[in-house]
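Just so we're aligned: the sequence shown equals residues 1 to 499 in full-length UniProt numbering.
Note that the Cβ used here is the ideal one computed from N, Cα and C, for glycine as well.
Since this is a predicted model, take the numbers as computed values, not measurements.
In what follows, a single structure is set out as structure tokens and then discussed.
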Amino acid sequence: MTAVDALSDSSDAVEMEDTSASHFQVEKHSWEGLRDIIHSSRKYTGMIVNKAPHDFQFVRKTEESSPHSHRLYYLGMPYGSRENSLLYSEIPKKVRKEALLLLSWKQMLDHFQATPHHGMYSREEELLRERKRLGVFGITSYDFHSESGLFLFQASNSLFHCRDGGKNGFMVSPMKPLEIKTQCSGPRMDPKICSANPSFFSFINNNDLWVASIETGEERRLTYCQKGLSSVLDDPKSAGVATFVIQEEFDRFTGYWWCPTSCQEGPEGWNTLRILYEEVDESEVEIIHVPSPALEERKTDSYRYPRTGSKNPKISLKLAEVQVDSQGKIVSSQEKELVHPFSTMFPRVEYIARAGWTQDGKYAWAMFLDRPQHQLQLVLFPPALFIPVPESEEQRQEFAKAVPGNVHPFIIYEEVTDVWINVHDIFYPFVQPEGEEEELCFIRANECKTGFCHLYKVTVVLRRGSFDWTQPYVPSQGEIPRLFISLTSEVETNKDIRK
Numbered sequence: 001m002t003a004v005d006a007l008s009d010s011s012d013a014v015e016m017e018d019t020s021a022s023h024f025q026v027e028k029h030s031w032e033g034l035r036d037i038i039h040s041s042r043k044y045t046g047m048i049v050n051k052a053p054h055d056f057q058f059v060r061k062t063e064e065s066s067p068h069s070h071r072l073y074y075l076g077m078p079y080g081s082r083e084n085s086l087l088y089s090e091i092p093k094k095v096r097k098e099a100l101l102l103l104s105w106k107q108m109l110d111h112f113q114a115t116p117h118h119g120m121y122s123r124e125e126e127l128l129r130e131r132k133r134l135g136v137f138g139i140t141s142y143d144f145h146s147e148s149g150l151f152l153f154q155a156s157n158s159l160f161h162c163r164d165g166g167k168n169g170f171m172v173s174p175m176k177p178l179e180i181k182t183q184c185s186g187p188r189m190d191p192k193i194c195s196a197n198p199s200f201f202s203f204i205n206n207n208d209l210w211v212a213s214i215e216t217g218e219e220r221r222l223t224y225c226q227k228g229l230s231s232v233l234d235d236p237k238s239a240g241v242a243t244f245v246i247q248e249e250f251d252r253f254t255g256y257w258w259c260p261t262s263c264q265e266g267p268e269g270w271n272t273l274r275i276l277y278e279e280v281d282e283s284e285v286e287i288i289h290v291p292s293p294a295l296e297e298r299k300t301d302s303y304r305y306p307r308t309g310s311k312n313p314k315i316s317l318k319l320a321e322v323q324v325d326s327q328g329k330i331v332s333s334q335e336k337e338l339v340h341p342f343s344t345m346f347p348r349v350e351y352i353a354r355a356g357w358t359q360d361g362k363y364a365w366a367m368f369l370d371r372p373q374h375q376l377q378l379v380l381f382p383p384a385l386f387i388p389v390p391e392s393e394e395q396r397q398e399f400a401k402a403v404p405g406n407v408h409p410f411i412i413y414e415e416v417t418d419v420w421i422n423v424h425d426i427f428y429p430f431v432q433p434e435g436e437e438e439e440l441c442f443i444r445a446n447e448c449k450t451g452f453c454h455l456y457k458v459t460v461v462l463r464r465g466s467f468d469w470t471q472p473y474v475p476s477q478g479e480i481p482r483l484f485i486s487l488t489s490e491v492e493t494n495k496d497i498r499k
């Protein structure tokens with residue numbers, strides 16, 4: 001008999017004490033006592049938050065004979081452990097309404113130590129832990145591909161993967177994850193599975209973007225921003241990395257995004273995989289020197305730190321394309337940039353707060369903010385708007401000729417206020433139905449209209465203009481097409497928060 005059955009079949013009655021005749025007493029404390037209570041409550045709150053399960057993934061179980069409808073994956077701290085680990089729970093198909101359902105925590109990994117020996121993290125990992133305010137050890141994040149059942153995570157100064165679900169079925173006992181070897185020097189940060197082809201994954205190494213194959217171990221460097229110099233002063237560029245301001249102020253900790261679909265190109269029928277990424281140039285950002293007791297002879301660590309009122313990094317959006325043959329081998333890779341410089345097309349944009357792709361992969365999207373954070377724009381980018389990085393101005397002109405005139409960015413949403421705009425993750429674009437490619441529907445939260453945060457369903461008409469991309473683009477002479485935004489309906493309120 002299960003615990004659920006035992007609870008539901010129990011005939012014992014619990015008598016509740018009648019407290020209506022008694023007075024509710026509040027214990028009085030001194031100011032010193034209240035301060036101690038608050039301090040201790042903060043300590044326990046931190047402990048609870050660190051141990052609470054998070055990062056949930058629901059996977060449906062299709063076996064008719066199985067008593068469970070879903071398997072739920074998450075990160076949590078098992079009983080008796082000091083490390084976060086990958087856990088799962090089984091959700092039964094039938095639950096009695098009057099029963100109290102308690103899901104048991106089951107470990108996915110067998111005797112796996114995720115924390116580096118002696119707790120020695122790399123410099124990049126230490127900085128990321130500080131920005132995320134992480135107080136836990138072990139596995140702190142993971143990526144998951146539901147169709148193949150692939151898990152990818154960072155642990156013990158390396159990368160590991162394992163599988164559960166997919167075509168191989170679900171496991172019944174803990175497994176040992178497999179380490180992914182590398183020829184790269186330094187840590188591999190921000191690993192992600194390619195959603196269009198889970199045989200490939202990506203990571204950041206020394207501030208550049210890489211792609212690798214899980215099956216063959218082949219690695220390919222996609223960007224060449226870093227020169228490999230030891231001085232922060234001489235190496236100001238990075239690709240696919242969220243800068244200090246973006247991490248601290250906007251809670252964005254990644255700088256690149258896989259396209260969810262692939263496309264076949266060329267006579268050989270090779271698959272093209274795409275990654276949208278942010279390239280950053282911090283050459284004009286101030287360098288500060290912080291003493292570090294971990295370094296020899298009390299030397300200092302050097303960081304790029306934009307002080308209040310000083311210059312922020314220069315930013316741009318780029319595209320990396322990877323071509324894969326029928327055997328799953330990387331044939332070629334290519335960097336692409338916008339047909340005109342990012343700063344020319346969007347001169348007022350100071351921050352890329354969020355970015356990603358639509359579900360069908362037809363458009364990349366980005367959320368832009370100006371420096372005072374009074375103007376927010378959501379912009380769509382067709383992949384055809386990106387051209388190979390030219391070696392000369394003449395070559396740029398040739399590439400620009402190949403871009404059709406009706407291919408351009410679309411500003412699908414805009415907020416303009418005289419107060420600080422709060423940045424959030426609530427943006428959900430729907431798939432465009434066949435034959436209705438001129439319209440796009442999405443859900444977006446907005447608190448500028450009423451002072452409260454509400455969910456809105458927005459429908460926009462993608463009005464296409466005509467541009468000659470071989471000519472210089474001057475924003476004052478012609479804005480990138482703004483769309484007529486028609487508010488079709490208001491969805492139920494998600495939260496009410498008055499500014």
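Separation of residue j from residue i, as counted between CA atoms
i, j, result
"Trp258", "Leu378", "18 Å"
"Lys362", "Ser65", "39 Å"
"Leu34", "Gly135", "25 Å"
"Ser202", "Trp357", "16 Å"
"Glu414", "Tyr456", "13 Å"
"Asp325", "Glu265", "11 Å"
"His145", "Phe153", "12 Å"
"Ile287", "Cys184", "27 Å"
"Gly451", "Gln373", "17 Å"
"Pro383", "Lys106", "43 Å"
"Ile193", "Glu27", "55 Å"
"Phe253", "Val59", "26 Å"
"Tyr73", "Gln397", "50 Å"
"Phe244", "Ile315", "13 Å"
"Lys449", "Ile421", "12 Å"
"Asp164", "Glu337", "38 Å"
"Tyr473", "Ser81", "59 Å"
"Pro236", "Leu229", "10 Å"
"Tyr79", "Leu128", "27 Å"
"Gln247", "Pro67", "43 Å"
"Lys299", "Val232", "15 Å"
"Ser302", "Val172", "49 Å"
"Met120", "Val241", "22 Å"
"Ser156", "Thr115", "5 Å"
"Lys61", "Gln432", "29 Å"
"Ser89", "His70", "9 Å"
"Arg123", "Pro291", "14 Å"
"Leu101", "Leu75", "20 Å"
"His424", "Pro174", "37 Å"
"Glu17", "Ile37", "A caution first: Glu17 carries a pLDDT of 43, below 50, which makes its placement in the model too unreliable to give a value."
"Cys162", "Pro347", "45 Å"
"Glu125", "Leu150", "23 Å"
"Trp270", "Arg371", "42 Å"
"His39", "Ala353", "34 Å"
"Trp322", "Val339", "Looking at the sequence provided, one finds Val at residue 322 rather than Trp. For Val322 and Val339, the distance between alpha carbons rounds to 19 Å."
Beta-bridge pairing of residue i - partner residues as DSSP gives them
i, result
"Phe201", "Ile193, Ala212"
"Cys162", "Phe151"
"His29", "In the DSSP output, where bridge partners are listed per residue, His29 has none listed."
"Lys318", "Tyr277, Glu337"
"Trp105", "Answer is none; Trp105 lacks a bridge partner."
"Arg221", "Trp210"
"Tyr256", "Tyr277"
Local Cβ density within 10 Å of residue i, reported as buried at 16 or more and exposed below that
i, result
"Asn205", "buried"
"Pro191", "buried"
"Trp365", "buried"
"Pro409", "buried"
"Met345", "buried"
"Gln113", "exposed"
"Ala21", "Reliability of the predicted coordinates at Ala21 is poor, the pLDDT of 47 falling under 50, and the value obtained from them is presented with this limitation in mind. It is exposed - the Cβ of Ala21 has fewer than 16 other Cβ atoms within 10 Å."
"Phe381", "buried"
"Asp234", "exposed"
"Ser392", "exposed"
Residue i versus the options, residue with shortest Cα-Cα distance
i, options, result
"Glu268", "Ser231, Arg163, Val331", "Val331"
"Pro260", "Ala196, Glu126, Ile246, Ile37", "Ala196"
"Leu159", "Glu126, Asp251, Lys311, Lys181", "Lys181"
"Lys51", "Glu434, Asn84, Trp31, His29", "Asn84"
"Arg220", "Ser283, Leu209, Ala400", "Leu209"
Review point. Could you give the uninterrupted runs of the beta strand (DSSP E) lying entirely in the segment 414 to 477, keeping only those of 3 residues or more?
Key: The segment 414 to 477 contains, as complete beta strand (DSSP E) runs of 3+ residues, the segments 427 to 429, 439 to 446, 454 to 461 (chain order).
Exercise for review: Just list the beta strand (DSSP E) runs in the segment 78 to 145, keeping only unbroken ones of 3 residues or longer that don't cross its boundaries, in chain order.
Suggested key: 83 to 92, 142 to 145, all fully within the segment 78 to 145.
Point to revise | Uninterrupted beta strand (DSSP E) stretches inside the segment 345 to 396 (no shorter than 3 residues) | key: Complete beta strand (DSSP E) runs here, min 3: 351 to 357, 364 to 369, 375 to 381, 386 to 388.
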